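Presented below is the structure to which this report refers.
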Amino acid sequence: MNCHELLAVAGELVRDQLMDATQREKALEHAASCVKCSNHLSDERALTAAFQTMSRVADEQAPPRVEAAVLAAFREKHASLPSIAPQRQSRRWLYAVAAAAAVVIIAGMLAVFLTRNSDIKDKTASTESQDFKSSPLTPIPLVTPASPPEPEHVPSTVIKNEPRAGKRLKRVPQPSLATTVPDKPAEIATDFIPLMGGEFVEQMDGGQVMRVELPRSALMSFGLPMDMERATQRVKADVVVGNDGLARAIRFVR
Amino acid sequence: MTLKTTPSDLDLLRLMMAGGEEAFAELYRRRQGGVYRFALQMSGSPEIAEDVTQEVFIVLIRTAERYNPDRGSLSAYLYGIARNYVLRKLEQDRPYLPLTESADDGVTHPSMISDTDPLVELTRNESIKSLREAILALPAHYREVIVLCELHEMSYLEAADVVGCAVGTVRSRLHRGRALLIEKLRAARDRDHASQEVKPARCFA
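As you go down the protein sequences, you meet chains A and B in turn.
Number 183 in my numbering belongs to position 183 of the first sequence; there are no gaps in the numbering.
Number 173 in my numbering belongs to position 173 of the second sequence; there are no gaps in the numbering.
And the structure:
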């Protein structure tokens, strides 16, 4: 080993991080025969010892006022969650539903327009209205077909401790309007929660149920419990949309 | 008899994200010292270290969900945030702090010159100040690996996580940083010896 090679490994040698035993022996042999490298190793050892002393005596801590400040910030964030976050989430959710409803309306108008055009061409005006009545707004697959619900490992206590008994998770008998929802006997869902001032599904003269995915925090918007560890995941929901394109009710599904 | 186990950082983080103030307080008390000292050793300023420590934990409160345990320890994550804030602060204060001296200009910063023999006294507590000043005079990219690996006893891998570079880069920067420290401290020693040799003695004869 020459001086240049020793310089390259001197730091690791004095810090016992030179793993190659042969290299270590050669370095020490060279240092024993070279005054310059011996001095350099001494300097490296002194520096390492100084670092150790410095890290040993370093016990500086942040002043207590920093702890007070960050704890206040923590409290502020978590105190503001129930009052602000659900409002934001519910607004986001409403925007999503409104957008979906608008798409449904446009698609429905397009379908009607196309049907009428084809009927005019065929000059079968008499059957036009019958066809239209017999085929109410056909659900257009605007929403991705519902995939099988992922098994969620929600602790049973979460279901038991729900604050609102009316929205308790339960196995749902297939409602009459939910015919477009895939028939999954193992699916668990909440009751339908009305979205528009007491109007509910039975008072509608027609509509569809759309399967959507929402941020899990949307559960909190309806007073349902949410597993905070899974806050970033999404949750499936069925939205009842009337023929007028307005969302009437929602239920959460898993 | 029940065994009391210490919750891991990750356990505390999860509890904290669920709103557990005690868990957050415990996590803060566990990690604030390292973050504060890192910022202090990087900047040399207790004010900056205090600001950085506060910022780091406020960032953790606001964006805890961004932490990915697969990409490194929580400690390394906090050091990484601290590093970014320290570098930003140093950049802001650049006109006022002589910390950006080139590593290769061969000029010894005045703050590194000790009145005593630095290399001989490095192992003594009195010389810690000299070493601290010498570290502060290093360029930031050498300084940070010296502080992390030598003073916070991080492995090359952990330091690479914090700095956001390859392990080989950490290794080479550490080597170069140590060499610079020795070189500069040695220059200070030689200068000191020289000044002692030419010390005039008054003749009373």
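Even for Gly, the Cβ is constructed at its ideal location relative to N, Cα and C.
If you're wondering where the values come from, they're calculated on a predicted model, not measured in any experiment.
- Two segments are said to touch when three or more pairs of C-beta atoms, one from each, lie closer than 8 Å; by this definition the segment 7-18 of chain A touches the segment 172-180 of chain B.
- If only uninterrupted alpha helix (DSSP H) runs of at least 4 residues are considered, those enclosed by the segment 3-31 of chain A are 3-14.
- B/Ala-49 and A/Ala-79 have their C-alpha atoms some 28 Å from each other.
- Using a 10 angstroms sphere on the CB of B/Gln-92, the tally of other CB atoms stays under 16, which defines it as exposed.
- Excluding the 5 residues flanking it on each side, B/Ala-160 has same chain C-beta neighbours closer than 8 Å at Ala-166, Val-167, Thr-169 and Val-170, in chain order.
- Sequence-distant Cβ neighbours of A/Ile-105 in its own chain, meaning closer than 6 Å and more than five residues away, are Gly-245.
- Closest by C-alpha distance to A/Leu-28, out of A/Leu-110, A/Asn-2 and A/Thr-53, is A/Asn-2.
- Within the DSSP secondary-structure output, A/Val-235 pairs in a beta bridge with A/Leu-214.
- With a threshold of 8 Å between beta carbons, B/Glu-21 makes contact with chain A.
- Straight through space, the alpha carbons of A/Arg-75 and B/Arg-83 are spaced by roughly 26 Å.
- The beta carbon of B/Ser-43 sits no closer than 8 Å to any beta carbon of chain A.
- Proximity of B/Gln-92 to chain A, defined by a Cβ-Cβ separation below 8 Å, is not satisfied.
- Residue state for B/Ala-160 is assigned as helix, using DSSP reduced to three classes.
- Here B/Phe-57 carries a helix assignment [DSSP, helix/strand/coil].
- The distance from the Cβ of B/Gly-20 to that of B/Ser-75 is about 19 Å, inconsistent with a contact at the 8 Å cut-off.
- Residue nearest to B/Leu-180 within the set A/Ala-21, A/Val-35, A/Ala-68 and A/His-40 is A/His-40 (criterion: CA-CA distance).
- Taking a cut-off of 8 Å on C-beta distances, the segment 63-73 of chain A touches the segment 49-63 of chain B, as three or more cross pairs fall below it.
- Not a single C-beta of chain B is nearer than 8 Å to the C-beta of A/Val-235.
- Look at A/Pro-63: its C-beta is under 8 Å from a C-beta on chain B.
- With a 10 Å radius around the Cβ and a threshold of 16 neighbouring Cβ atoms, B/Ser-155 comes out exposed.
- In the three-state reduction of the DSSP assignment, A/Ala-50 falls in the helix class.
- Taking the Cα of A/Thr-53 as reference, the smallest distance to any Cα among B/Leu-131, B/Ala-137 and B/Arg-88 is reached at B/Leu-131.
- Apart from sequence neighbours up to five positions away, the residues of its chain that approach A/Cys-37 with a beta-carbon distance below 7 Å are Cys-3, Leu-6, His-30 and Ala-31, ordered along the chain.
- For the 8 Å CB-CB criterion, B/Ile-135 and B/Ile-146 form a contact.
- Nearest C-alpha to A/Asp-191 among A/Leu-224, A/Arg-216 and A/Val-70: A/Leu-224.
- Secondary structure note for B/Ala-39: its alpha helix (DSSP H) is the uninterrupted segment 21-43.
- The C-beta of B/Leu-40 has 16 or more other C-beta atoms within 10 Å across all chains shown, which makes the residue buried.
- Of all residues in the segment 150-168 of chain B, only Glu-150, Leu-151, His-152 and Glu-153 place a beta-carbon less than 8 Å from a beta-carbon of chain A.
- For the set B/Gln-32, B/Phe-24 and B/Ser-43, the Cα lying nearest the Cα of B/Arg-62 is the one of B/Phe-24.
- Burial check for A/Gly-242: the Cβ neighbour count within 10 Å reaches 16 or more, so the residue is buried.
- Proximity of chain B to A/Thr-232 at the Cβ level (cut-off 7 Å) is accounted for by Glu-65, in chain order.
- According to DSSP, A/Gly-242 shares a beta bridge with A/Gly-207.
- With a threshold of 8 Å between beta carbons, A/Val-57 makes contact with chain B.
- A/Arg-230 and A/Gln-61 have their alpha carbons spaced roughly 34 Å apart.
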